Amino acid sequence: MTKNIVEWLITAAEWAYRLILLNLLWIAASLPIVTAFAATAAVFAVIRQWLRRKDPGPVMRPFWGFLRENVAASTLGGFALLCAGTIIALLYQAMVQVFSWTALVCLLPAYLIVITGLYLFPAMVHFELTPFGTLRTALLLGITHPLRTLFLLVVLGSFLVVLLLLPGLIPFLSISGGALLTLLIIYPILKKQGE
């Protein structure tokens with residue numbers, strides 16, 4: 001029994017080390033702000049690779065490889081989503097000022113943007129699609145799996161609360177931890193779609 005506990009602790013420590021290293025790599029790669037989307041895609045790609053192999057493998061070489069590989073598509077998709085979200089937020093602010101009840105019209109597009117954002121990077125690293133195809137696939141995955149999407153929102157919301165309560169974890173686990181939780185929930189769908 002003691003051997004099982006020790007093995008579990010060693011495995012947990014290895015995962016924690018790799019997640020921390022991955023998060024630090026994300027920070028380093030995101031220093032030029034324009035590469036933040038590519039760095040996020042690289043984090044998802046590395047974690048997806050770990051989940052496919054059932055063990056955490058190397059971190060640095062795959063991260064930089066995925067970063068270079070996904071820079072154009074992830075930047076384009078990320079900025080498209082960011083622009084759409086900004087437009088919806090501005091429309092919402094304008095509608096609230098003029099007619100408060102019409103601001104509800106913005107809630108559906110805002111919800112669709114959130115869903116697309118949740119599934120964007122997992123879809124990007126799992127499927128080989130055009131940027132528009134990735135956005136469409138991310139939206140369709142989120143819409144066709146409403147319970148899983150709701151569960152993902154609850155889990156990520158809880159993770160955000162933990163990060164806010166323990167802000168010392170933010171530089172070490174914020175992106176990689178969120179990506180791991182997201183892929184643990186979404187990866188079964190992606191595997192089924194990829195078959």
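Position 84, counted from 1, in the sequence shown is what the working numbering calls 84; the numbers after and before it change by one each time, with no gaps. Positions of the beta carbon are idealized from the N, C-alpha and C atoms, including for glycine. For clarity, every value in this text was computed on a predicted model and none was experimentally measured.
Candidates the options, of which the one nearest residue i by Cα
i: Gly57; options: Val71, Gly85, Arg68 and Thr11; result: Thr11
i: Gly85; options: Cys106, Phe99 and Glu7; result: Cys106
i: Ala36; options: Val71, Leu51 and Val59; result: Val71
i: Ile189; options: Pro167, His145 and Val96; result: His145
i: Ala80; options: Gly117, Val59, Ala94 and Val98; result: Gly117
i: Thr149; options: Pro167, Leu173, Val162 and Ile115; result: Ile115
i: Gly65; options: Ala29, Val96 and Gln93; result: Ala29
i: Phe127; options: Val96, Gln193, Thr75 and Ala94; result: Gln193
i: Met60; options: Asn23, Ser74, Arg52 and Ala94; result: Asn23
i: Lys191; options: Leu51, Leu21, Tyr17 and Leu163; result: Leu51
i: Leu129; options: Ala16, Pro167, Arg53 and Ser74; result: Ser74
Presumed contact (8 Å Cβ cut-off) between residue i and residue j, rounded CB distance
i: Ala38; j: Leu67; result: 5 Å
i: Trp26; j: Val43; result: 5 Å
i: Leu152; j: Ile175; result: So it is not a contact: roughly 16 Å between Cβ atoms.
i: Gly77; j: Pro32; result: With 8 Å as the limit, Gly77 and Pro32 do not qualify as a contact, their Cβ atoms being about 18 Å apart.
Residue burial classification, residue i (beta-carbon count within 10 angstroms, cutoff 16)
i: Cys83; result: exposed
i: Phe63; result: buried
i: Tyr119; result: buried
i: Leu147; result: exposed
i: Ser158; result: exposed
i: Ile113; result: buried
i: Gly142; result: buried
i: Asn4; result: exposed
i: Leu160; result: exposed
i: Leu184; result: exposed
i: Thr40; result: buried
i: Thr2; result: exposed
i: Leu165; result: exposed
i: Leu173; result: buried
i: Ala13; result: exposed
Contact with chain B by residue i, beta-carbon distance below 8 Å
i: Phe151; result: Among the protein chains of the structure shown there is no chain B, as only one such chain exists.
The stretch 136-145 in contact with the stretch 120-127 per 3-pair CB rule at 8 Å: yes
Three or more C-beta pairs below 8 Å linking the stretch 40-48 and the stretch 176-189: yes
Length-filtered (4 minimum) alpha helix (DSSP H) runs lying within the stretch 135-174: 146-165
Runs of alpha helix (DSSP H) wholly within the stretch 10-80 (minimum 4 residues, chain order): 36-53
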